[in-house]
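Visitor: Numbering (the numbering used here), first residue to last: 3 to 113.
1. Following the continuous beta strand (DSSP E) through residue 25, name the residue where it begins and the one where it ends.
2. Once the 5 residues before and after residue 142 are set aside, which same chain residues still bring their CB inside 7 Å of it?
3. Contact defined as beta carbons within less than 8 Å: I believe residue 46 pairs with residue 101. What is the distance between those atoms, to the nearest angstrom?
4. Looking at the unbroken beta strand (DSSP E) that takes in residue 2, where does it start and where does it end?
5. How would you call residue 52, buried or exposed, if buried means at least 16 neighbouring beta carbons within 10 angstroms?
6. Measure the Cβ-Cβ separation of residue 76 and residue 18 and say whether it is below 8 Å.
7. Buried or exposed for residue 98, please, with buried defined as at least 16 other CB atoms from any protein chain shown within 10 angstroms of its CB.
So, in structure tokens, the structure goes:
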């Protein structure tokens, strides 16, 4: 399981450069470069969310910076093994993201 850093501060799960979700999904089954991937778990941060169901998807704040499960369908990535990311550390970027498609896995490396 990789340690996940996140540069997508518009995401609900972003906290101080880390992801506080208990696991994420990276999409991009035909990706040949990093900007052809995206975080499938992105959820836009709202000022006041009436829907608190996201609390069920958040890990403990004490676990920030720890290793997370990363499901990955970017089969052309060097770190993809059986649809799971095996990189030691990964980073999701997209500082101006308005939706999940505006994000990308900056750790993607073509096989």
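Note that the Cβ used here is the ideal one computed from N, Cα and C, for glycine as well.
Guide: Well, looking at it:
1. Residue numbering aside, residue 25 sits at position 23 when the chain shown is read from its first letter. Segment 25–29, the beta strand (DSSP E) holding residue 25.
2. In the structure as shown, the chain starts at 3 and stops at 113, and residue 142 therefore has no counterpart that could be examined.
3. Stepping through the chain shown from its first residue, residue 46 is reached at position 44. Stepping through the chain shown from its first residue, residue 101 is reached at position 99. With a beta-carbon spacing of about 7 Å, residue 46 and residue 101 fall inside the 8 Å limit used to define contacts.
4. Residue 2 lies beyond the range of the chain shown here (3 to 113); nothing can be said about it.
5. One-based indexing of the chain shown puts residue 52 at position 50. Because residue 52 carries a pLDDT of 48, less than 50, the predicted location of this residue cannot be relied on, and no value is offered for it.
6. The residue labelled residue 76 in the question sits at position 74 within the chain shown. The residue labelled residue 18 in the question sits at position 16 within the chain shown. Not a contact, by the Cβ cut-off of 8 Å.
7. Indexing the chain shown from 1 puts residue 98 at position 96. The residue in question, residue 98, is exposed, as its Cβ has fewer than 16 Cβ neighbours within 10 Å.
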